[in-house]
Structure formats: C-alpha cells, structure tokens
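Participant: This is the structure, below, for whatever I ask next.
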Amino acid sequence: MKSTPKRKRSDSTAAAVAAAQAAALGPLQPPEHVSLRPCDRPFWDAIMLARARDTWTTADLATAAILARTRADIERIQAEVDVEGFTIPSGKGVPIVNPKHKLLETMTRRSVSLSRVLHVHAEAVIGRSRDAANALGNERQASLDLEDEDDLIPRLRVVR
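Under our numbering, the first residue of the sequence shown is numbered 245, with each subsequent residue one higher.
Following this line, the structure appears as structure tokens:
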C-alpha cells in the first residue's frame, strides 16, 4: 500500500512559517516544458495564487498552463465579439450569430472544467476544504504582512 506524507495542519506554527516562505517566493513558475505567452501570465499568476504553493504537482502545473492560455484566449475573443457584435452579416447580408460566440462558449466551458480539475474553483478555494482554505489564507496574510512591514525590519525574501 502506498503511503503519502502527512500534511501539516493549516493552523499550526509550521504552517504559518511555510506560508510566509511561500508568500516571499511569489507565484510558482511554469515548468520548463510548458510555454506561456506574455498575455497568459496574469492568468497564470492568479491561478497559482488560488492554491497553497506546496499543493501543486508538475501535472497540475501543466494543466494550469492550459487553463491560463484558455482564459487569455477567452478575453481576446470576447474583446473581438464586443467590437463585432453577437450577430454579423452573412454573405447575403442577413444577420447571423457570430461564430466566435460558439467558440467563446466552448472555451468558457473548458475553463470551468479545468478549474474544477485543478480545484481552483470557488467551492474548492472557499468552501468545504477548510484546511486548504486556511493554508491559502495563511499565505495571503503573510503576503499582506510583507507589503505592510517597514523595509528596515529583516524578513524572508527571495535571493536570486
């Protein structure tokens, strides 16, 4: 039988230290085998901050990259639909539903599905899994503490 290491309690001192260290490191970077476009990056960062840093696996990161690309594409296509409208003239001049609307619907469904797979949807982040939400809350609080503290006070930082 396979045994997995026991997770730290999210309300422990060790979890608070881990959260502070994770907040100091910032969002995870994509694996080397995954490529992201510059327009995908804001979505990647948001997705990475939706779960505690130590819960991401390499397979999750690859799936998260697909989700980030999908969300960036949704924004791009939505901007095009906003300009063109939901209906466009056909070859005969008759208004038809913009084909990009169906593509937008498909990509939105993909985004929702991938969010569920990665457990970054609202119920996973805020709802039933209290320990994961507490761990995320610890990281966010540590991140806020980093922003609010005086620069003269030493604290954890990433050294590159």
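Glycine included, C-beta positions come from ideal geometry on N, C-alpha and C. Bear in mind that the values here come from a model prediction, so they are computed numbers and not experimental data.
1. Name the DSSP beta bridge partners of T420, please?
2. Whole angstroms is fine: what's the gap from P282's alpha carbon to L311's?
3. List the endpoints of the continuous alpha helix (DSSP H) containing Q273.
4. Where does S357 land, buried or exposed, given buried means 16+ other C-beta within 10 angstroms?
5. So the alpha helix (DSSP H) A290 belongs to, where does it begin and stop?
6. What did DSSP end up calling T301 once you bin it into helix, strand or coil?
7. Between the alpha carbons of A296 and V361, how many angstroms are there, rounded?
8. Applying the 10 Å Cβ sphere with the 16-neighbour rule, what's the burial state of L388?
Facilitator: According to the structure data:
1. Nothing about residue 420 can be read from this structure; the chain reaches only from 245 to 404.
2. As a first step, residue 282 is located in the sequence shown; it is residue number 38 there, counting from the start. As a first step, residue 311 is located in the sequence shown; it is residue number 67 there, counting from the start. Distance between the alpha carbons of P282 and L311 is about 14 Å.
3. To locate residue 273, count along the sequence shown from 1; it is residue 29. Here Q273 belongs to no alpha helix (DSSP H), and DSSP marks it neither H nor E.
4. Counting from one through the sequence shown, the residue named residue 357 turns up at place 113. Exposed is the call here.
5. By one-based count along the sequence shown, residue 290 stands at place 46. Here the alpha helix (DSSP H) through A290 covers 285 to 292.
6. As a working note, residue 301 is residue 57 in the sequence shown. If DSSP states are grouped into helix, strand and coil, T301 belongs with coil.
7. The residue you call residue 296 lines up with position 52 of the sequence shown. The residue you call residue 361 lines up with position 117 of the sequence shown. Computed Cα separation, rounded: 16 Å.
8. Translated into the one-based positions of the sequence shown, residue 388 becomes position 144. It counts as exposed.
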